[in-house]
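Note sheet for the following structure.
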Amino acid sequence: MNRSIVLQVLVFFIYLFFQVLILKNAVMFHVAFCFLYIGYLLLMPVETNPLILMALGFVLGFSVDVFYDSLGLHALSSVFIMYVRNYWLAGLTPQGGYDANALPSVANNGVQWFITYVLPPIFLHHTILFFTEAGGFDYFWHTLTKVFASSGYTLLVMLIVEYVFPGRRS
Amino acid sequence: MERIFLFLYQYRAFFTFLALELFCAWLIIQNNQYHGARFFNSSNNMVGGLNNFSQNMRDYFSLREVNSVLAEENARLRKSLELRNQIIVSGTIADEVLVPRFDFISAKVVNNSTDRYTNFITINKGSREGIEAGMAVISPQGVVGKVKMTSSHFSVVTSLLNIDLRISGLLKRTGHFGTIQWDGRDPQVVEFEFIPRHVKVMVGDTVITSGYSGVFPEGILIGTVEEIDLREEAPFYEMRVRLAQDFRKLSFVSVVKSNLLHELDSLELQIPDLKR
Chain A
22 MNRSIVLQVL VFFIYLFFQV LILKNAVMFH VAFCFLYIGY LLLMPVETNP
72 LILMALGFVL GFSVDVFYDS LGLHALSSVF IMYVRNYWLA GLTPQGGYDA
122 NALPSVANNG VQWFITYVLP PIFLHHTILF FTEAGGFDYF WHTLTKVFAS
172 SGYTLLVMLI VEYVFPGRRS
Chain B
7 MERIFLFLYQ YRAFFTFLAL ELFCAWLIIQ NNQYHGARFF NSSNNMVGGL
57 NNFSQNMRDY FSLREVNSVL AEENARLRKS LELRNQIIVS GTIADEVLVP
107 RFDFISAKVV NNSTDRYTNF ITINKGSREG IEAGMAVISP QGVVGKVKMT
157 SSHFSVVTSL LNIDLRISGL LKRTGHFGTI QWDGRDPQVV EFEFIPRHVK
207 VMVGDTVITS GYSGVFPEGI LIGTVEEIDL REEAPFYEMR VRLAQDFRKL
257 SFVSVVKSNL LHELDSLELQ IPDLKR
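Structure follows, in structure tokens:
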């Protein structure tokens with residue numbers, strides 16, 4: 022138990038620093054951003070308490086914000102998808118239910134299920150993020166382009182991570 | 007009373023959610039104001055240090071280009087220094103009239119973004135070196151932005167690529183002035199507005215800073231007019247200006263300290279209706 026918490030904290034910092042030191046510079050065509058850090062939040066064990074999820078979402082989002090100079094922006098979006106996550110997971114329960122302490126990962130549930138699971142939260146997160154950043158709907162089409170391009174990019178990188186580290190945190 | 011607690015407890019997830027979101031929204035609004043949260047941004051020493059490390063890694067890839075830009079600027083400065091020396095020696099201007107209006111503090115960019123709507127730049131000099139909020143920041147190739155806030159060793163600069171920043175620009179050929187503002191799309195192009203329609207504008211015209219606000223020195227290059235749009239019955243042109251400075255390649259900047267800003271401000275303050 023203790024060991025898994027230490028590991029969890031370590032993975033938290035790996036995601037955080039990977040995001041702010043490397044992915045921050047990996048913007049494609051000025052519109053596609055990769056926010057892999059939400060992968061950490063989405064891949065928490067299925068039965069995690071929503072309060073813990075939201076607290077984690079807030080802390081991680083806030084830490085990312087400090088580096089992006091956008092105080093509150095990532096925290097807001099992350100807390101939102103963390104609130105929605107468990108309801109969404111409940112709606113996606115596979116036949117026979119989830120195993121105890123199972124991870125919502127590709128290894129456990131298959132690619133198709135995984136994409137169905139992560140894509141809506143990613144899209145939601147990016148929509149909130151970019152529209153809040155733009156301060157409304159003044160730049161609607163350009164912001165929407167950003168949302169779609171970034172969602173695809175984030176999903177792709179998340180899938181790659183899933184295949185490279187399949188046994189993560191089980 | 008008990009039922010209220012029970013109610014709160016039953017929906018604790020929702021209320022936590024609400025509280026956190028409200029807090030975040032408050033943070034965002036606070037941060038958009040001029041002197042927002044002072045600690046939690048990249049001018050914080052720890053975060054700045056880490057960014058510094060990250061930028062040092064990236065610097066190796068742009069050394070050659072930075073070198074050539076700096077060398078060019080050196081040559082240009084030497085030329086103007088020579089010119090100035092000649093003027094002084096020939097005695098046309100008395101030396102005491104030449105008050106140094108601006109001081110320049112050179113700084114290195116440690117963090118930069120160009121792809122968001124509100125872009126900021128972090129530089130490695132802070133209040134220790136005399137940098138204050140509101141000072142102008144320029145680079146060898148043109149205007150960069152305005153200092154937003156400082157810590158002792160770092161400063162955060164509101165980039166010209168920030169939809170909230172407006173600066174006054176001057177059409178060099180005709181002398182008309184307007185407003186420069188970014189539209190959040192192309193990081194190499196900004197909008198230039200409020201040039202009246204009777205002015206004959208041409209593609210390729212140079213746009214420089216006007217120096218009216220006393221923050222930017224006058225005559226700093228902004229860019230060249232790329233696209234001109236004049237709608238029927240519109241009183242002003244809408245122009246798009248290609249920036250002289252490529253913001254993705256920013257590495258060294260100068261912070262401009264205006265020595266006469268206070269004098270200018272206190273003079274203009276005596277006229278209540280004067281608006282800039």
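Protein chains in written order, with our numbering: chain A, 22 to 191; chain B, 7 to 282.
Ideal placement from N, C-alpha and C gives every residue a C-beta, glycine not left out.
Subject >> Touch test, the stretch 137-148 of chain A against the stretch 47-67 of chain A, Cβ-Cβ under 8 Å, three pairs minimum >> reply: yes
**OP:** Determine, using beta-carbon pairs with one atom in the stretch 259-277 of chain B and one in the stretch 135-143 of chain B, whether at least three such pairs fall under 8 Å.
**Re:** yes
Original post:
In whole angstroms, what separates the C-alpha of A/Asp120 from that of A/Val27?
Top reply: Looking up residue 120 of chain A in the first sequence gives position 99. Looking up residue 27 of chain A in the first sequence gives position 6. Going from the Cα of A/Asp120 to the Cα of A/Val27 covers about 23 Å.
**OP:** Taking the CB atoms as reference points, tell me whether B/Pro241 and A/His51 lie closer together than 8 Å.
**Re:** Here residue 241 of chain B refers to the residue found at position 235 of the second sequence. Here residue 51 of chain A refers to the residue found at position 30 of the first sequence. No.
**OP:** Check whether the stretch 160-170 of chain B touches the stretch 106-125 of chain B, taking contact to mean three or more Cβ pairs, one atom from each stretch, closer than 8 Å.
**Re:** yes
Subject >> Under 7 Å (Cβ pairs) to chain A, residues found in the stretch 234-256 of chain B >> reply: none
Original post:
When DSSP builds the beta bridges, which residues end up paired with B/Gln187?
Top reply: Counting from 1 along the second sequence, the entry for residue 187 of chain B is found at position 181. DSSP lists B/Arg172, B/Glu197 as partners of B/Gln187.
Subject >> Contact set between the stretch 129-142 of chain B and chain A, restricted to residues whose Cβ is under 8 Å from the partner >> reply: none
Original post:
Is it true that the CB of B/Ile214 sits closer than 8 Å to the CB of B/Phe198?
Top reply: In the second sequence, the residue the question calls residue 198 of chain B occupies position 192. In the second sequence, the residue the question calls residue 214 of chain B occupies position 208. Not closer than 8 Å, so no.
Original post:
According to the neighbour-count rule (16 or more other Cβ atoms, all chains shown, within 10 Å of its Cβ), is B/Ala25 buried or exposed?
Top reply: Locating residue 25 of chain B in the second sequence gives position 19, where the first residue counts as 1. So B/Ala25 ends up on the exposed side.
Subject >> B/Ile35 versus A/Val105 - alpha carbon distance >> reply: Locating residue 35 of chain B in the second sequence gives position 29, counting from the first residue. Locating residue 105 of chain A in the first sequence gives position 84, counting from the first residue. Going from the Cα of B/Ile35 to the Cα of A/Val105 covers about 24 Å.
Original post:
Any idea what DSSP makes of A/Phe186, helix, strand or coil?
Top reply: Walking along the first sequence from the start, residue 186 of chain A turns up at place 165. Note: A/Phe186 maps to coil in three-state DSSP.
Original post:
Tell me which same chain residues have a C-beta within less than 6 Å of the C-beta of B/Ser133, skipping the five on either side of it?
Top reply: Indexing the second sequence from 1 puts residue 133 of chain B at position 127. Taken in chain order, the residues that qualify are Thr156, Ser158.
Subject >> Distance between B/Thr212 and A/Gly173 (C-alpha atoms, nearest Å) >> reply: Counting from one through the first sequence, the residue named residue 173 of chain A turns up at place 152. Counting from one through the second sequence, the residue named residue 212 of chain B turns up at place 206. Taking the straight line from one Cα to the other gives about 40 Å.
**OP:** Hey, could you find the ends of the beta strand (DSSP E) B/Tyr243 is sitting in?
**Re:** Here the question's residue 243 of chain B lines up with position 237 in the second sequence. Start and end: 242-249.
Original post:
At which residues does the beta strand (DSSP E) containing A/Ile43 begin and terminate?
Top reply: On the first sequence, residue 43 of chain A is found 22 positions in, with the first residue counted as 1. First-last for A/Ile43: undefined, no H or E at that position.
**OP:** Kindly list, in the order they appear in chain B, the residues whose Cβ is closer than 7 Å to that of A/Val100.
**Re:** By one-based count along the first sequence, residue 100 of chain A stands at place 79. Near A/Val100 (Cβ distances below 7 Å), the residues of chain B are Phe23, Leu26, Glu27, Cys30.
Original post:
With distances taken between CB atoms, is the gap from B/Val195 to B/Glu232 smaller than 8 Å?
Top reply: The count along the second sequence starts at 1 and reaches residue 195 of chain B at position 189. The count along the second sequence starts at 1 and reaches residue 232 of chain B at position 226. Cβ distance < 8 Å, so B/Val195 and B/Glu232 count as in contact.
Original post:
What's the gap between the Cα of B/Val153 and the Cα of A/Phe186?
Top reply: Counted from its first residue, the second sequence places residue 153 of chain B at position 147. Counted from its first residue, the first sequence places residue 186 of chain A at position 165. So the alpha carbons of these two residues sit roughly 43 Å apart.
**OP:** Could you check the C-alpha separation between B/Tyr15 and A/Gln40 for me, to the nearest Å?
**Re:** Reading the second sequence from its first residue, position 9 is the one you call residue 15 of chain B. Reading the first sequence from its first residue, position 19 is the one you call residue 40 of chain A. Answer to the nearest angstrom: the Cα atoms are 35 Å apart.
Subject >> B/Leu166 (DSSP reduced to helix, strand or coil) >> reply: Here residue 166 of chain B is taken as the residue at index 160 of the second sequence, counted from 1. Strand at B/Leu166.
Original post:
Should B/Leu270 and B/Gly220 be called a contact, given that it needs their Cβ atoms to be closer than 8 Å?
Top reply: As a position in the second sequence, residue 270 of chain B is number 264, starting the count at 1. As a position in the second sequence, residue 220 of chain B is number 214, starting the count at 1. Yes, Cβ-Cβ distance for B/Leu270 and B/Gly220 is below 8 Å.
Subject >> Within-8 Å CB hit, A/Met75 to chain B >> reply: The residue labelled residue 75 of chain A in the question sits at position 54 within the first sequence. Yes, A/Met75 counts as interfacial toward chain B.
**OP:** Compile a chain-ordered list of the residues in the stretch 159-170 of chain B whose CB is closer than 9 Å to at least one CB of chain A.
**Re:** Val162, Ile169, Asp170
Original post:
In chain order, what residues of the same chain have a beta carbon less than 6 Å from the beta carbon of A/Leu150, not counting five sequence neighbours either side?
Top reply: Reading the first sequence from its first residue, position 129 is the one you call residue 150 of chain A. Excluding positions up to five away in sequence, the list reads Ser98.
Subject >> For B/Ser264, the residue or residues it bridges with in DSSP >> reply: Within the second sequence, the letter at position 258 stands for residue 264 of chain B. Its beta-bridge partners are B/Phe108.
Subject >> Cβ-Cβ separation, A/Leu63 to A/Pro142 (assumed contact under 8 Å), whole Å >> reply: Numbered from 1 along the first sequence, position 121 holds the residue referred to as residue 142 of chain A. Numbered from 1 along the first sequence, position 42 holds the residue referred to as residue 63 of chain A. Confirmed, Cβ separation roughly 6 Å.
Original post:
At what residues does the alpha helix (DSSP H) containing A/Val52 begin and finish?
Top reply: For this step, residue 52 of chain A is matched to residue 31 along the first sequence. Per DSSP, A/Val52 belongs to no alpha helix (DSSP H) and is neither H nor E.
Original post:
Where does the unbroken alpha helix (DSSP H) through B/Ser145 begin, and where does it stop?
Top reply: If you number the second sequence from 1, residue 145 of chain B lands on position 139. Per DSSP, B/Ser145 belongs to no alpha helix (DSSP H); it is in the beta strand (DSSP E), 142-145.
Subject >> Cβ shell of A/Val100 (< 7 Å), same chain only, five flanking positions each side left out >> reply: The residue you call residue 100 of chain A lines up with position 79 of the first sequence. Excluding sequence neighbours, A/Val100 sits near Met75, Gly78, Phe79, Gly82.
**OP:** Specify whether the stretch 63-77 of chain B and the stretch 244-257 of chain B touch according to this definition: at least 3 beta carbon pairs, one from each stretch, less than 8 Å apart.
**Re:** yes
Subject >> Chain-ordered neighbours of B/Asp121 on chain A, where CB pairs are closer than 8 Å >> reply: Numbered from 1 along the second sequence, position 115 holds the residue referred to as residue 121 of chain B. By Cβ distance, chain A contributes Val48, His51, Val52, Phe54.
Subject >> Sequence-distant residues of its chain with Cβ nearer than 6 Å to A/Ile102 (five each side left out) >> reply: Numbered from its first residue, the first sequence carries residue 102 of chain A at position 81. The residues are Pro142, Leu145, His146.
**OP:** Could you spell out where the alpha helix (DSSP H) holding A/Thr153 opens and where it closes?
**Re:** Sequence index remark: in the first sequence, residue 153 of chain A carries index 132 (1-based). It spans 132-154 - the alpha helix (DSSP H) in which A/Thr153 sits, taken as one unbroken run.
**OP:** Output, in chain order, the set of chain A residues within a Cβ distance shorter than 9 Å of B/Ala77.
**Re:** Counted from its first residue, the second sequence places residue 77 of chain B at position 71. Those do not exist, as B/Ala77 stays about 27 Å from chain A at its closest Cβ, beyond 9 Å.
Subject >> Cβ neighbours of A/Thr164 in the same chain (closer than 7 Å, five flanking residues each side left out) >> reply: Looking up residue 164 of chain A in the first sequence gives position 143. Only Phe151, Phe152, Ala155 meet the Cβ criterion.
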